[in-house]
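Reviewing the structure listed below.
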Amino acid sequence: MKPIRWIKKNTNINFLGLKKISIFFSFLLCICSIFSIFIFGLNYGIDFKGGTLIEIKSTSKIEISDIRSRLYGIGFEDAQIQTFGSDDTILIRIENDNVINGEADLNASKIIAKELGNLFLIQRTEIVGPKVSSELIQKGVLAIITAVSLMLFYIWIRFEWQFSLGAVLALIHDVTITLGLFSLFGIEFNLSIIAALLTIIGYSMNDTVVVYDRIRENLRKYKQMDLFELINNSINDTLSRTTLTSVTTLLALFSLYFLGGEVIRGFTLAMIIGVFIGTYSSIFVASQIIFFLGIKRDWSKN
Amino acid sequence: MLYFSFTKKFFLLGTCILIAFLALPNFLNQDSNIPFVPNKTVNLGLDLRGGSYLLLEVDTETIRKEKVDNIVDDIRSTLRKNQIQYSSLSSLENGAKVYILKEEEVNKAIALIKDLNQTQNNLIFSGQGIKDFELSNDKGNLVLDITKQSMKEKNRLAVTQSIEIIRRRIDGLGVTEPSIQRQGENRILLEVPGLDDPQRLKDLLGQTAKLNFRMVDTSISASEAIRTRTPSRSEVLYDKDLVPWLVNKKILISGERLSDAQAGFDQMTNSPVVNFRFDVVGGKAFARATSKNVSKPFAIVLDDEVISAPTIREPILGGSGQIEGGFSVEEANDLAILLRAGALPAPLSILEERTIGPGLGADSINSGKIATTVGMILVLLFIFISYGRFGVYANVALTLNIIFIIGILSLLQATLTLPGIAGIVLTVGMAVDANVIIFERIREEYNNGKTPFSSVESGYSRALGTILDANITTLIASVILFFLGTGPIKGFAVTLTIGIITSFFTAFVITRLIISQWLLKRKPEELPI
Numbered sequence: 007m008k009p010i011r012w013i014k015k016n017t018n019i020n021f022l023g024l025k026k027i028s029i030f031f032s033f034l035l036c037i038c039s040i041f042s043i044f045i046f047g048l049n050y051g052i053d054f055k056g057g058t059l060i061e062i063k064s065t066s067k068i069e070i071s072d073i074r075s076r077l078y079g080i081g082f083e084d085a086q087i088q089t090f091g092s093d094d095t096i097l098i099r100i101e102n103d104n105v106i107n108g109e110a111d112l113n114a115s116k117i118i119a120k121e122l123g124n125l126f127l128i129q130r131t132e133i134v135g136p137k138v139s140s141e142l143i144q145k146g147v148l149a150i151i152t153a154v155s156l157m158l159f160y161i162w163i164r165f166e167w168q169f170s171l172g173a174v175l176a177l178i179h180d181v182t183i184t185l186g187l188f189s190l191f192g193i194e195f196n197l198s199i200i201a202a203l204l205t206i207i208g209y210s211m212n213d214t215v216v217v218y219d220r221i222r223e224n225l226r227k228y229k230q231m232d233l234f235e236l237i238n239n240s241i242n243d244t245l246s247r248t249t250l251t252s253v254t255t256l257l258a259l260f261s262l263y264f265l266g267g268e269v270i271r272g273f274t275l276a277m278i279i280g281v282f283i284g285t286y287s288s289i290f291v292a293s294q295i296i297f298f299l300g301i302k303r304d305w306s307k308n
Numbered sequence: 175m176l177y178f179s180f181t182k183k184f185f186l187l188g189t190c191i192l193i194a195f196l197a198l199p200n201f202l203n204q205d206s207n208i209p210f211v212p213n214k215t216v217n218l219g220l221d222l223r224g225g226s227y228l229l230l231e232v233d234t235e236t237i238r239k240e241k242v243d244n245i246v247d248d249i250r251s252t253l254r255k256n257q258i259q260y261s262s263l264s265s266l267e268n269g270a271k272v273y274i275l276k277e278e279e280v281n282k283a284i285a286l287i288k289d290l291n292q293t294q295n296n297l298i299f300s301g302q303g304i305k306d307f308e309l310s311n312d313k314g315n316l317v318l319d320i321t322k323q324s325m326k327e328k329n330r331l332a333v334t335q336s337i338e339i340i341r342r343r344i345d346g347l348g349v350t351e352p353s354i355q356r357q358g359e360n361r362i363l364l365e366v367p368g369l370d371d372p373q374r375l376k377d378l379l380g381q382t383a384k385l386n387f388r389m390v391d392t393s394i395s396a397s398e399a400i401r402t403r404t405p406s407r408s409e410v411l412y413d414k415d416l417v418p419w420l421v422n423k424k425i426l427i428s429g430e431r432l433s434d435a436q437a438g439f440d441q442m443t444n445s446p447v448v449n450f451r452f453d454v455v456g457g458k459a460f461a462r463a464t465s466k467n468v469s470k471p472f473a474i475v476l477d478d479e480v481i482s483a484p485t486i487r488e489p490i491l492g493g494s495g496q497i498e499g500g501f502s503v504e505e506a507n508d509l510a511i512l513l514r515a516g517a518l519p520a521p522l523s524i525l526e527e528r529t530i531g532p533g534l535g536a537d538s539i540n541s542g543k544i545a546t547t548v549g550m551i552l553v554l555l556f557i558f559i560s561y562g563r564f565g566v567y568a569n570v571a572l573t574l575n576i577i578f579i580i581g582i583l584s585l586l587q588a589t590l591t592l593p594g595i596a597g598i599v600l601t602v603g604m605a606v607d608a609n610v611i612i613f614e615r616i617r618e619e620y621n622n623g624k625t626p627f628s629s630v631e632s633g634y635s636r637a638l639g640t641i642l643d644a645n646i647t648t649l650i651a652s653v654i655l656f657f658l659g660t661g662p663i664k665g666f667a668v669t670l671t672i673g674i675i676t677s678f679f680t681a682f683v684i685t686r687l688i689i690s691q692w693l694l695k696r697k698p699e700e701l702p703i
């Protein structure tokens, strides 16, 4: 069997020439994302907000209204109730400050377990106190900042500063849009999403580095070539790799999304969104910035 | 790049076989005990096997208060014993102060109190050279300031003791393989797999379990004491039915004197009880107290709750007794566990809890397996149709990579969590990247008119830099995640980190070995890529 070439030999797409469209598209997405984050906010899970989460399961469909009235009866008027995956599984969320009668947060799960424990199977209980939730936020932010700084430092050492700046802006672009989509769809923002974000950052950086690598190589090889043409060629040279890797990663992620169970669906969705945006940005954003900043070509003339 | 010496081939093949061997037990039946096969399987996280993760904090505030109270008591008794006149002895936020009335006694008082420093110091066995407090003198106004190191040492000790007591309490529940770790200065991380009643565990940990025996104050009734004035030597405590009792503050015997406690049944009524036994000192004290107070009621108090207040019918000389508190069987069991394990030095608060039922864990393992298998098959197929013969080689490397991840996870006994499975699946997608980069390079070189052999040769060598740069950036992210992440996130970072490293080996080295062997043997005119 002859191998299939998904991307034709010697493609010559004028990516940089699509500047007007890609800049407009990126700005539009970023601005919409920022608006969305400001208007809808992020749907923080109990990891960052503190509170109690209980997952209950039954052999048949659970009526949300039934659970709501039972919880109402024991004083949890503000409990958030939703089905989880299928209608025989329900998630109950209680925020720390919503607890009635000044009960300590630990008691919420105890009271609910007492009320529902005999009727349903309690699959999961997660309680995060306010002390831990604020630490988790700090740790999450710290993790992202450290990781990004180290990666940029690495790129700065391996390449020119223009590359590093291009990579930063591409990253900000990716993270902003991912967060924007999160707030738009109301995906729960929890600890595992921080992990997903970091992986997205890693992936996008990875993609960008492969294109950069080729630009650097071509810069050495074709000393006279116009920068516009050179960057375009570099993107085209790596296009087949960029696409194929995205496809294999997405194949794995989609099977995880559909078959991996409800618990990691949010996490996988975040990654899927990230792979799309990361791939787009390494082609259209990161290289565009390098072209815009320009690179010193001739090392002999200082 | 394409030449492999015999030693190198031997070494590479050996590595593969060794790691595959490490992964082997995971694919075998649990009970099969084949000789020479290692028996370490992947260590499943709590989210996959079910269990409770609890982050506890030792209340250092209580320890500080106790320390301050102790110092005040020590000063009082020392000064009294030596007949030094003083006034305004009181506790401070972080120490104590006292005014010495006679100027000529100030120096003597300072010396005595400094001696106190010494004795306190010796009590903390590991606190060598740590000063307990600083003493300052302003015209007879002495101020004691507890040093930071001393407090730190005290807290450290309290956490160590708490860990020991928690371990005993959990052992009492009959749970296997709990993991109890100190975290930070005053926290304890507790991981208990496969627990059917997490609430019971929390209830057991939520109690300090300070037990003591005291006389009931019968001078006035408890309700009268609440209405009017409680005698200064007594206090009002409640039992679990919220009935008030007026109980002496003075403790006859404290729970530290218990040598054993077991749940049992009363011989007459057949209701659940807790039988306890004092040590020698406690037994004597109990005998003395009961002989003196026949036909008077005494109270058994646990954490300021009266659990029982029987009347002493006759002196109890044998050093053992029985607590009847209208318990259920489980309550009697739990009380016995608490009494056997001893009291915590300070209350524990639960900062974070994550409990996963075993059913959910099993579901997660199942769906994880299915997702990994399907994802794997899809990627293998895609790579095969994209690269043909070379795709098959890449697929061999990919499969080997998964086996490697499992083998190394088993070797390191690292914990595999649900996000960890996601990490493996992600690595499947990303591991191929190195081969994609290489094969695209080979195609390019081949299209530029190079021979098959030199196309492959330069494809590999040119791709190396790119692969390293790309992998190192991802590696940075996953290592950071490992160090800053907690629980499940850490599990994700572990598999991702291992995956990145093993994928470099399988994709760059192993495929090169296979392809070079094929090239040398067949010497193809054309590259099927």
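Going down the list, the protein sequences come from chains A and B. The first sequence begins at 7 in our numbering and counts up one residue at a time. The second sequence begins at 175 in our numbering and counts up one residue at a time. Every residue gets a Cβ at the ideal spot worked out from N, C-alpha and C, and that includes glycine.
Note down, in chain order, each residue of its chain lying with its Cβ closer than 8 Å to the Cβ of residue i, except the 5 sequence neighbours on either side.
i      : result
A:F165 : Y218, R222
B:T529 : G225, S226, Y227, L369, P372
A:K302 : E166
Mind checking residue i: buried by the 16 CB within 10 Å criterion, or exposed?
i      : result
A:R130 : buried
B:S652 : buried
B:N256 : exposed
B:D478 : exposed
A:Q230 : exposed
B:A285 : exposed
B:P702 : exposed
B:K732 : Residue numbering for chain B in the displayed model covers 175 to 703; residue 732 of chain B lies beyond these limits and cannot be assessed.
A:M211 : buried
B:D434 : exposed
B:L364 : buried
B:Q294 : The predicted position of B:Q294 is uncertain, since its pLDDT is 49 and thus under 50; no value can be drawn from it.
Cβ of residue i versus every heavy atom of the ligand ZN: is any distance shorter than 6 Å?
i      : result
B:E700 : Absence of the ligand ZN is noted for the structure shown, with no ligands found whatsoever.
On the DSSP bridge assignment, give the partners of residue i in chain order.
i      : result
A:Q88  : A:L97
B:K271 : B:S264, B:V317
A:T131 : A:I60, B:T529
B:N281 : Answer by DSSP bridge pairing: none, since B:N281 is not bridged.
B:E409 : B:V421
B:P702 : For B:P702, which the question treats as bridged, DSSP gives no partner whatsoever.
Would you give the residue range spanned by the alpha helix (DSSP H) that residue i belongs to?
i      : result
B:A536 : 532 to 586
B:A483 : Where B:A483 is concerned, there is no enclosing alpha helix (DSSP H), given that its DSSP letter is neither H nor E.
B:E338 : 322 to 347
A:Y78  : 70 to 79
B:D434 : Counting along the chain, B:D434 falls outside any alpha helix (DSSP H), though it belongs to the beta strand (DSSP E) covering 432 to 439.
A:F54  : 52 to 55
A:I279 : 271 to 290
B:Q691 : 685 to 696
Could you spell out the range, first to last residue, of the beta strand (DSSP E) harbouring residue i?
i      : result
B:P367 : 361 to 367
B:W419 : 418 to 422
B:G457 : B:G457 -> not in any beta strand (DSSP E); alpha helix (DSSP H) instead, spanning 454 to 466.
B:M389 : 385 to 389
Short of 6 Å in beta carbon distance, which residues of its chain neighbour residue i, apart from the five on each side in sequence? Order them along the chain.
i      : result
B:R223 : P367, G535
B:D453 : R431, S433
Identify, in the order they occur along the chain, each residue of the same chain with its Cβ nearer than 7 Å to the Cβ of residue i, setting aside the five sequence neighbours on each side.
i      : result
B:L518 : S336, I339, T382, A383
A:D213 : T248, G284, T285, S288
A:D53  : V134, S139, L142, N196, L197
Short of 7 Å Cβ to Cβ, which residues in the segment 593 to 609 of chain B face chain A? Within the segment 593 to 609 of chain B, contact with chain A at the beta-carbon level (separation under 7 Å) is assigned to P593, A596, V599, L600, V602, G603, M604, V606, D607.
Within 7 Å of chain B by C-beta, residues of the segment 122 to 146 of chain A in sequence order: L127, I128, Q129, R130, T131, E132, I133, V134, G135, K137, V138, K145
Against chain B, which members of the segment 162 to 188 of chain A pass a CB distance test of less than 8 Å? R164
Residues of the segment 611 to 639 of chain B with a CB closer than 9 Å to any CB of chain A: list them in chain order, please. Within the segment 611 to 639 of chain B, the residues whose Cβ lies closer than 9 Å to any Cβ of chain A are, in chain order, I611, F613, E614, R615, R617, E618, N621, R636, G639.
When you check each C-beta in the segment 525 to 542 of chain B against every C-beta of chain A, which residues fall closer than 7 Å? L525, E526, E527, R528, T529, I530, G531, G533, L534, D537, S538, S541, G542
Just by C-beta distance, which residues in the segment 270 to 296 of chain A are closer than 9 Å to chain B? I270, F273, T274, M277, V281
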